[in-house]
Every structure is written in structure tokens, then in C-alpha cells.
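Undergrad: Residue numbering for the sequence shown follows our numbering, starting at 54 and increasing by one per position.
Glycine included, C-beta positions come from ideal geometry on N, C-alpha and C.
First the structure, then my questions, so here it is.
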Amino acid sequence: MNENLKFMIKALKPIVVALLVMTSYAVGQDTAPPKRIKVDGVVAVIGDYVILESDIDKLSIDLENQGVSKQEITNCQLMGKLMEDRLYAHHAIQDSLLVADDQVNAMIENQVQQLTAQVGSIEKVLKFYKKPDLQSFKDELFEINKLRMLADKMRNDIITDIEVTPEEVRQFFYSIPEEERPIFGAELEISQIVKQPKPTEEDKQKVIQRLEQIKQDVEISGSSFSVKAILYSQDPGSKSNGGAYTMDKQTPFVKEFKDVAFSLKEGEISEPFETDFGFHIILVERIRGQEVDLRHILIAPEIDNDAVERAKSQLDSVRTEIAANRLDFAEAARLFSDEKETKFDGGVLRNPADFSARFELTKMDPTLYNQISRLKEGEISYPIVERDPQGGPSKYKIMKVTNRYDEHKADFAKDYMKIQELALSDKQLKTIEEWIDERIQDTFIQINESKADCDFANNWVKE
């Protein structure tokens, strides 16, 4: 099997918008292996899971929709991927790596909300997926998500403790023939200084009083929190559904929001509190174990033109000082930047893919690329306005390309972090392949005779 294809197949993840691969579950396998299943369309049984011919067809259609040619991947390779996922899921259950139904249902609610927002109504969603009603749609999503989450949990458990030593990284790199070593694209190191226009204390107080009045209307006058959120909340992600969210400790919300949410009892409304997005109040509707169903209202204080001009003017002054060599860019970031994620690191931007300071041009976020594409090495931009895609207040920043690296063949010293990632991925892949080979031997597996001639990457057809 082609190595690039192997990496791609293993990285495939179900995308609910494009893929609804049906999963079938064979109950009652705990006592003894079943005899040959003569159900039309069954191509394999992996532990407690059944794979249908239609599962392969649906995965093939999904890949076509993503631009993958049928000539690139065979049905046998797709079937191998489906069998891997079910092997993971089967052993996740055997190893008690369970996924709570509430967690699956919370994901389904978010998916349904996203789909509805994309196409305009739940009726259009059901029509698109040819489902007679919402419950049957959710039932199918439940099977898809449950299997995927179990498989992910097992896969992560296999590789979670794997690390590579510097010596392993060195051996990995020098085991690659020089003519086959990867080519890394042109890269930049970027720093920035950010100024966030700030509202006045008077404007903040107006918002706090407004939220306190809404809280009073709900608690004393019996007004609907949901209706108030639809009318007044400025959170684009929840305004249309009455401010509703389901969250747990792992939900990627800001710390201040999570701290307040998990401090409340059912039916309790918080006092107004502040985050980077503005001021909030939260109503906790239901607590389900580690999960909380809540509604919230976000209102951001207005920022007047004077505050915007002050932020821009401050950056102009800082830029002038740096250009005149009276101030170093990194020191200026530590002194003046409002961005806590970068200011104490001298304004250095970190690549979210590997947390290094380098950004490969061909993989760079388009917004970031447009901001720095015309800058030469060492040049500092004029103040740039950046609007928050999540609806938060706009900010100004100046940017500098601190280093530029041309396209080059991998160099052990210069590209150590990237090589370390490749070495780790290689070790993880080998560990997973060993795990699969071992589990195939002690798992009930039955392959339909029509697929017995497939050249699978693993020994699914036991001899």
C-alpha cells in the first residue's frame, strides 16, 4: 500500500455534513462466535460490529464529494478502513473505554444546530438526508457518532503515552535516504503588537445595569430567558436558539465563562460577569453528570470612535519608536501589547499546528497571509484593523516578519521540531499497526467470500 495513501486513510474522519455511514450492530456475540451470516449485503463482521456493502458505497461517495478520485482508493482499502474503526470500537468496549450516551447526544444536538443554520431549517435537513422525521435522523447520527467516539478513544489510548527521545529522532532522520528527505516550504516567523480599543467605565456600567435588569425581569416578573437572549444577546453562535449551549469541562469556552457556569445550581442565574467578549449572564437549566445545559446572554459595551483612534494612535507611536531604533520590537510587545497570549513572548506568534514560531506560507491562514504577504524581513507594518470572526470587538495591531526561510530540504538542526513530529507520527503509526495485528488474532472476524481476495494492509483474512 502506498505510504501516502496509508497516512491519508488512517487520518480519515467522518464528516457529518457529507457522510452518513450506517453502522450495524450484531447483538449477542459475547458467548460464542456466530455461524456464517447469510444476510444479503453483509461483507464483514468485526467483533460485535457488522459492515454492509452499503457502508463501503457511502464512504466512497463521501470521498468523491471531497474531491478524491475513485482511481486513488479501491473499495478494498475503504473496507479496510471501516474494519479498523470497528476493531477500535469493539476493543474500546472490551477495555471499558466507554462513551456516555449524554456526551453523544450533546454532539448530535450541536450537529443538528449547525446543519440547520447552514441550510435554513430542519425540514430542509431532513429532506436532504431523506429522513422521515427528526428522531430517525438523530438515531442514525447516534450510531455514527458513538462508533467514531469509541474508535477515537481506543486509538488515542494506544498512542497517548508514546514519546520520542532525541536519539530516536536522530535515528529516524538519518534512516531516510538523503534523496528522499522531505522538502519544507518557505516559512516565516512573525511577531505582533496588539492594541484593543477599550470601552469607558461608564459604558461598562451601562451594560452591567442592562443585564441586571434582564435578570430581574426573569426572576421576578417571569420573563422568558430564551426570548430575552433572542432579542438582546450579541453571541452569534447561540442568539437564534435562545442562548442555549451544552458544555462540559472540556468544552473550549473561556475560563471565566466555564468557572461561572459550573458554580451555579439548576435554575440559578448568575450575576453579570466579564470576559474578552463582553459581559454575560448565565442561566443553568439542567445539570447532567459532567454536562450542563445552559442559556446565556452576551452584551458587549459600545466602543466609541475616540477609543478606536486612541488604540491606532498608540500603535503609530510605538511603530515610530521601533523604526527609530529607540525601542526593540520584542520589548515593545511586552510593554504595550494587549494580547496576553503573545505579549510575554515578545509578540511571537505560535503556529497552532505544532506551537513552533514558524508558519509555512502554503499552509498559512489566509487572513494572516494577507496581513504579512507584502512585508519584507525586518519590516514593520502600519496599524492593521482585525475584526473578530466570533463577533468580539475589533482590534489594531502592527506586525513584523522577524525571519524568512526559503524552501529547503529537511535539515536536522534547523528543522528539528518538524522532524521530531514526523518521528513521533512514524512511531505512533507503527504502534497502531502492531496493535491491530495483535487484536486481529484474538477478535472474532468474518469476511464475506466475495472480499477474500482483497489485498488488505492487515491480515484480516486469517489463515
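Using alpha carbons as the reference points, say which of 376, 373, 367 lies closest to residue 389.
TA: Comparing Cα-Cα distances from residue 389 to each of 376, 373, 367, the minimum goes to 367.
Undergrad: Are there any heavy atoms of the ligand COA lying less than 6 Å away from the beta-carbon of residue 402, as far as the coordinates show?
TA: Questions concerning the ligand COA fall outside what the structure shown contains, since it holds no ligand whatsoever.
Undergrad: Short of 7 Å in beta carbon distance, which residues of its chain neighbour residue 464, apart from the five on each side in sequence? Order them along the chain.
TA: Nothing listed; no residue qualifies.
Undergrad: When you compare the CB positions of residue 414 and residue 454, do they come within less than 7 Å of one another, or not?
TA: Not a contact, by the Cβ cut-off of 7 Å.
Undergrad: Could you check which residue in 272, 239, 293, 489 has the C-alpha nearest to that of residue 282?
TA: With distances taken between Cα atoms, residue 282 lies closest to 293.
Undergrad: Is the CB-CB distance between residue 410 and residue 240 below 7 Å?
TA: Result no, Cβ atoms of residue 410 and residue 240 do not sit closer than 7 Å.
Undergrad: Mapping the DSSP letters down to three states, classify residue 97 as helix, strand or coil.
TA: Residue 97: strand per DSSP, three-state reduction.
Undergrad: What span of residues does the alpha helix (DSSP H) with residue 202 cover, start to end?
TA: Run containing residue 202: 187 to 212, per the alpha helix (DSSP H) assignment.
Undergrad: Could you check whether the region 259 to 273 touches the region 348 to 365, counting it as contact only if at least three pairs of C-beta atoms, one from each stretch, sit closer than 8 Å?
TA: Result yes; three or more Cβ-Cβ pairs closer than 8 Å.
Undergrad: Could you tell me which residues DSSP pairs with residue 462 in its beta bridges?
TA: Beta-bridge pairing links residue 462 to 236.
Undergrad: Within the same chain, show all residues whose beta-carbon is closer than 6 Å to that of residue 83, passing over the 5 residues directly before and after it, in chain order.
TA: In this prediction, residue 83 has a pLDDT of 39, which is less than 50 and means its spatial position is unreliable; nothing more can be read from the coordinates.
Undergrad: Just to confirm before moving on: does the CB-CB distance between residue 391 and residue 249 stay below 7 Å?
TA: Yes, Cβ-Cβ distance for residue 391 and residue 249 is below 7 Å.
Undergrad: In angstroms, rounded to a whole number, what distance separates the CA positions of residue 103 and residue 146?
TA: The straight-line gap from Cα to Cα measures roughly 15 Å.
Undergrad: Using a 10 Å radius around the Cβ and a threshold of 16 neighbouring Cβ atoms, would you call residue 208 buried or exposed?
TA: Buried: at least 16 other Cβ atoms inside 10 Å.
Undergrad: Using only the alpha-carbon positions, how far apart do residue 502 and residue 425 sit?
TA: Residue 502 and residue 425: Cα-Cα distance of roughly 58 Å.
Undergrad: Give the straight-line distance between the Cα atoms of residue 169 and residue 186, rounded to the nearest whole angstrom.
TA: Their backbone Cα atoms lie some 14 Å apart in a straight line.
Undergrad: Three-state secondary structure (DSSP) at residue 126?
TA: In this structure, residue 126 counts as coil in the three-state DSSP scheme.
Undergrad: Comparing C-alpha positions only, which one of 330, 286, 478, 334 sits nearest to residue 272?
TA: Measuring from the Cα of residue 272, the nearest candidate turns out to be 334.
Undergrad: Contact between the region 477 to 489 and the region 101 to 120 is defined here as three or more beta-carbon pairs at a separation below 8 Å; is this criterion met?
TA: Cβ pair count under 8 Å is below three, so no.
Undergrad: Taking the straight line between their C-alpha atoms, what separation do you get for residue 133 and residue 479?
TA: Using only the alpha carbons, I get a separation of about 20 Å.
Undergrad: Kindly indicate the opening and closing residues of the alpha helix (DSSP H) around residue 385.
TA: That run of the alpha helix (DSSP H) goes 382 to 389.
Undergrad: What first and last residue would you give for the beta strand (DSSP E) that runs through residue 297?
TA: Residues 297 to 300.
Undergrad: Does the region 146 to 163 come close enough to the region 190 to 199 to have 3 or more Cβ pairs within less than 8 Å?
TA: Counting Cβ pairs under 8 Å, three or more are found: they touch.
Undergrad: With respect to the beta strand (DSSP E) encompassing residue 352, which residues constitute its N-terminal and C-terminal limits?
TA: 344 to 352 is the extent of the beta strand (DSSP E) around residue 352.
Undergrad: Examine the Cβ distances between the region 171 to 178 and the region 116 to 126 and report whether three or more of them are shorter than 8 Å.
TA: The answer is no - the region 116 to 126 does not touch the region 171 to 178, with fewer than three Cβ pairs under 8 Å.
Undergrad: Tell me the rounded alpha-carbon separation between residue 452 and residue 382.
TA: One C-alpha to the other measures close to 9 Å.
Undergrad: Enumerate in chain order the residues of its own chain whose CB-to-CB distance from residue 245 is below 8 Å, with the five nearest sequence positions on each side excluded.
TA: Excluding positions up to five away in sequence, the list reads 386, 390, 392, 395, 400, 402, 450, 451, 452, 453.
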